[in-house]
Structures are given as C-alpha cells and as structure tokens.
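What follows is a single structure, written as structure tokens, with notes after it.
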Amino acid sequence: MTDSSVAAMQAASSDTPVRKRIWDLPTRVFHWTLSVTVIGLIATGLGGVMEWHFRLGYTVLALLLFRLLWGFVGGRWSRFASFFYGPGSVVAYLRGRAHPDHVIGHTPLGALSVFAVLAVLAAQVGTGLMADDEISAAGPLTRFVSGDVVSLATGWHEGPGKTIVIALVSLHVLAVLFYVLVKRHRLVRPMVSGDKLVTPAHSQAAPSRDDTASRGLALVLFAACAGAAWWISSLRV
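Structure, rendered in structure tokens:
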C-alpha cells in the first residue's frame, strides 16, 4: 500500500461521523408526550370538550414540572445550562460563527424556541387553573384568588394565550421542517433514538448520561410531579 493511499484512508477515517448519545430517554419521552398532549389540548379547547381539556392540562402541568427539575439534573444536553446562551452567542450563530456546542445540542435559536414554548405553556396552564368560563368549566384554583384575578386569567387563557400557543406550535413545526428539508439537519431521528452523528472535530464533547440509574431518577421525579398535579386537580369543586 502506498503512502498516498494510507493518507487517503486516514483522511476518510477522520471525516467519519461519530455516534454520540445526546438526548436521554426521559427527555425524549417528555418531548413526544408533550407534543401529543399539547395538540390534544388545542383540539379539546377548540372543540369544547372541557373534561378532557382539564385532564390534558393536568398532564401538561406534570410534564412541565418534571422538565423544570430535569433541566438541572438530567443528561448533559438536557440541562438548561447547556443551552442557555447569551446575546453574543445568538449574534455569532446568526453571523455563521457557531460554537461547537451549537451543532450538538440545541442551537441558540432552538434554545430560544424551547424556552419560549415552556414559558408560554406554563402561563397557559397557570391561567387555566384560575380560569372560569361561568358556564361549565372552572379551574381548581379559582376559589383561592380574587374575582379580578379570575377575570384576568380567563381573558388571557381564552384569548391571547390560546393564540400564542397555537402560533408557537405552528412556528416550531415549520422551523423543524425548514431545518430538515432545507438545511438537511437531522433533528427528528436523534429525538427518537437519542443518538446523533457528530463530526470527529466535536467527538470530544461529553455525551448525556442515559443509564438505568438516571432513568430511575426520572421516574421518581415524574411520579412526584404527577402527584403534585393530581393534588391540584383534587382542589376542583
């Protein structure tokens, strides 16, 4: 074998992508469960199926509480610290000067989308707990707050909040389609399998922990969050 052929083989080997665990199983289950549940929330809200709307709302509450906790103790790339970017990072990314982390976990724009969706959903669920349509549906916390607060919560939940949720969900889907179809980024498959192909230049990045112990911790945390959501639901009269 000639020196040139050896060099060519080494070059090809150095360009081979490396498979790395990025999204742990609890994060993946959270992502897809939240997606389906939010779609169900929108459908039941628009269709007036309020009993199921409340049930799905409590489910989203449990999921959001879990994600808040998992954002501090979850896998490396699921932690908020891994995608909490400052303005400088966002500007650099938009100018094409991406940091290596931007191609592994969430990009700065993706991170903004995640935080926006979580914040809007939290506001929508929170106001739903205090909303009262004065016909057949009243949140479990309405009797603990003043009439003015109930009125404000109801107005937001049935008006701007609902519109913003639908807009953000639509924008999120369109952004994913843009990255998949136009920029040719594999976004869906890693959120299913948990693994992502990264270039050798980024192969030194630490993978997310995704073992039996971490999954057991996630189950315990979600059970606690589901219990908290159930307790809140039991306050409804």
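Counting from 155, one number per residue, gives the positions in the sequence shown under the numbering used here. Heads up, the beta-carbon is just placed ideally off N, CA and C, and yes, glycines get one too.
Distance, residue j Cα to residue i Cα
i: G211; j: G282; result: 8 Å
i: G194; j: T296; result: 23 Å
i: S158; j: H260; result: Confidence at S158 is low in this model, with a pLDDT of 43, below 50, so the placement of that residue should be treated as unreliable; the coordinate-derived value is given next. Roughly 39 Å separates the two Cα atoms.
i: T181; j: V245; result: 27 Å
i: W224; j: G293; result: 27 Å
i: Q164; j: T353; result: Bear in mind that the predicted position of Q164 carries a pLDDT of just 43, short of 50, making it too unreliable to give a figure here.
i: P171; j: A197; result: 41 Å
i: I289; j: V342; result: 41 Å
i: S189; j: A285; result: 23 Å
i: V323; j: L272; result: 11 Å
i: V346; j: R173; result: 14 Å
i: F376; j: F234; result: 18 Å
i: P361; j: M204; result: 42 Å
i: R340; j: V334; result: 6 Å
Helix, strand or coil at residue i according to DSSP, with G and I counted as helix
i: D302; result: helix
i: A359; result: coil
i: R390; result: coil
i: T156; result: Residue confidence for T156 is low, a pLDDT of 49 falling below 50, so the modelled location carries little weight; the figure read from the coordinates is stated next. Three-state DSSP puts T156 in coil, outside helix and strand.
i: A276; result: helix
i: A292; result: strand
i: V374; result: helix
i: R182; result: helix
i: F238; result: coil
Bounding residues of the beta strand (DSSP E) (the contiguous stretch that carries residue i)
i: L351; result: 349 to 352
i: R175; result: 172 to 175
Spatially closest choice to residue i from the options, by CA coordinates
i: G264; options: A307, L328, I320, S388; result: L328
i: G348; options: V334, V336, D364, A360; result: D364
i: W206; options: A380, A359, A291, I386; result: A291
i: I386; options: E312, V214, V274, T191; result: V214
i: V330; options: V268, G228, W177, F208; result: V268
i: R221; options: D178, M204, H256; result: D178
i: W186; options: I289, L217, K174, R175; result: L217
i: W231; options: Q278, H256, S324, L248; result: H256
i: V304; options: I320, D287, V319; result: D287
i: G123; options: R343, A276, G301, P344; result: Outside the modelled stretch of the chain, which goes from 155 to 391, sits residue 123, for which no answer is possible.
i: V192; options: L248, R173, V274, Q358; result: V274
i: L248; options: S236, P262, F237; result: P262
i: L371; options: F226, R209, L200, I176; result: F226
i: G199; options: G229, G228, R251, Q278; result: Q278
i: A270; options: W384, D302, I320, S300; result: I320
i: L389; options: L373, F208, G201; result: F208
Range of the contiguous alpha helix (DSSP H) that encloses residue i
i: R209; result: 204 to 227
i: L322; result: 314 to 331
i: L341; result: Where L341 is concerned, there is no enclosing alpha helix (DSSP H), given that its DSSP letter is neither H nor E.
i: Y247; result: 241 to 248
i: A285; result: Neither: A285 is in no alpha helix (DSSP H) and is coded neither H nor E.
i: G259; result: Note, G259: premise wrong, no alpha helix (DSSP H); not H, not E.
i: L335; result: Where L335 is concerned, there is no enclosing alpha helix (DSSP H), given that its DSSP letter is neither H nor E.
Residue i Cβ short of 6 Å to the ligand NAD heavy atom set
i: A276; result: Among the components of this structure there are no ligands whatsoever, and the ligand NAD is therefore not found.
Mind the definition here: the segment 303 to 317 touches the segment 236 to 250 only if three or more C-beta pairs lie below 8 Å; say whether that holds. Using a C-beta cut-off of 8 Å, the segment 303 to 317 makes no contact with the segment 236 to 250, since fewer than three inter-stretch Cβ pairs fall below that distance.
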